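The block underneath contains the structure these notes are about, expressed in C-alpha cells.
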Amino acid sequence: MKLLAAIFFPLLVLPLDALAGSCPAVPAQIAKAIRQHIITLQASEYCAGRTVKTENGITVAIYTAEGACAGENPRANPGTCSNNWARYMVALSGRRITPPVEVGGKGDLADRDVKISDGTIEVSGLSIGPNDSMCCPSVPGKKKFKISPSGLSEIRP
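If you count by mature numbering (1 follows the signal peptide of the UniProt record, and there is no 0), then the sequence shown holds residues -20 to -1, 1 to 137, one letter each, in order.
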C-alpha cells in the first residue's frame, strides 16, 4: 500500500504540464509573448504541439491554446472551459516581437509545415473537407502572413 501511495501521490500534486514535460525552447521574447497570451486567454498550452522555426533572422513559434476560459468563467481553472483548441503564431524579427495571430485550430487549418522567406511566413497543412469529421482534416491548405511594422497580417489570395 505504501508503494502505491508513493507512486500515485506525486501524480496528484504535480501540475499537468510538469508531467507532460517542458515546451520546446524559444527566445525569451517569444516565451514571454506566448505566456502572456495564454494567461489572457485563460487557457493552457499543449507543449508537445509547439513548432519553432528560424530562417533568415526570423524566428516563428506556433503554439496551441487549449480550453480557453476568457469571457466564459473568470473563476475557472485556466484551460478547463472546453475541449476546443486554437493554434497561434508569434514571430521575432530583429528585436521586434509580433502580437499573436490565430493560424488554425479545431475545424480550421491543422498546420504541418512553416516556410519563411522575404518577410513572408507560409503555414501549410490540412483543412476540414466536406466529408471530414472535426478530428480528421484531409484537404491540403495553406495560409500566408506578411511581417509588417504593425505585426503579422494574413495575405489573402
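C-beta atoms are modelled at their ideal positions from N, C-alpha and C, and glycine is treated no differently.
Treat the numbers as computed from the prediction; the structure is a model and nothing was measured.
First and last residue of the beta strand (DSSP E) that includes residue i?
{"i": "residue 147", "result": "For residue 147 there is no data in the structure shown, the boundaries of the chain being -20 and 137."}
{"i": "Ala56", "result": "Segment: none, Ala56 is in no beta strand (DSSP E) and carries neither H nor E."}
{"i": "Ala45", "result": "38 to 46"}
When you compare each of the options to residue i by their alpha carbons, which one comes out closest?
{"i": "residue 143", "options": "Cys61, Val70, Ala13, Asn111", "result": "Here the chain comprises residues numbered -20 to 137, so residue 143 is not present and cannot be evaluated."}
{"i": "Cys3", "options": "Val32, Pro120, Thr100", "result": "Val32"}
{"i": "Ile108", "options": "Ile127, Lys126, Gly84, Lys124", "result": "Gly84"}
{"i": "Ala90", "options": "Ala11, Ile77, Tyr68", "result": "Tyr68"}
{"i": "Ala11", "options": "Cys61, Ala41, Ala28, Glu35", "result": "Ala41"}
{"i": "Pro7", "options": "Val81, Arg75, Ser62, Ile18", "result": "Arg75"}
{"i": "Ala5", "options": "Thr20, Arg30, His17, Gln16", "result": "Arg30"}
{"i": "Ile77", "options": "Ala28, Gly87, Pro129", "result": "Pro129"}
{"i": "Cys115", "options": "Asp88, Lys123, Pro137, Gly121", "result": "Asp88"}
{"i": "His17", "options": "Asn63, Lys123, Ala28, Val81", "result": "Val81"}
{"i": "Ala28", "options": "Arg15, Thr20, Thr44, Ala13", "result": "Thr44"}
CB-CB under 6 Å to residue i, same chain, minus the five flanking residues each way: which ones, in chain order?
{"i": "Asp93", "result": "Ser104"}
{"i": "Phe125", "result": "Ile101, Leu132, Glu134"}
Going by DSSP, what residue range makes up the alpha helix (DSSP H) through residue i?
{"i": "Thr20", "result": "8 to 21"}
For residue i, which residues in the same chain have their Cβ closer than 8 Å to its Cβ, ignoring the five residues on either side in sequence?
{"i": "Ala56", "result": "Gln22, Cys49"}
{"i": "Ile38", "result": "Ala71, Leu72, Ser73, Ile96, Gly99, Ile101, Ile127"}
Looking only at its chain, what residues have a beta carbon closer than 7 Å to the beta carbon of residue i, apart from the 5 residues adjacent to it on each side?
{"i": "Glu46", "result": "Ala23, Ser24, Tyr26, Gly59, Trp65"}
{"i": "Ser118", "result": "Leu106, Gly109, Asp112"}
{"i": "Pro79", "result": "Gly131"}
{"i": "Glu52", "result": "Cys61"}
Looking at the C-beta of residue i, does it have a partner C-beta in chain C at a distance below 9 Å?
{"i": "Ser24", "result": "Within the model displayed, chain C is absent; a lone protein chain is all it includes."}
Report the partner residues of residue i according to the DSSP bridge assignment.
{"i": "Ser24", "result": "Glu46"}
Minimum length 3: unbroken beta strand (DSSP E) runs contained in the stretch 76 to 134:
81 to 85, 90 to 97, 100 to 107, 119 to 128
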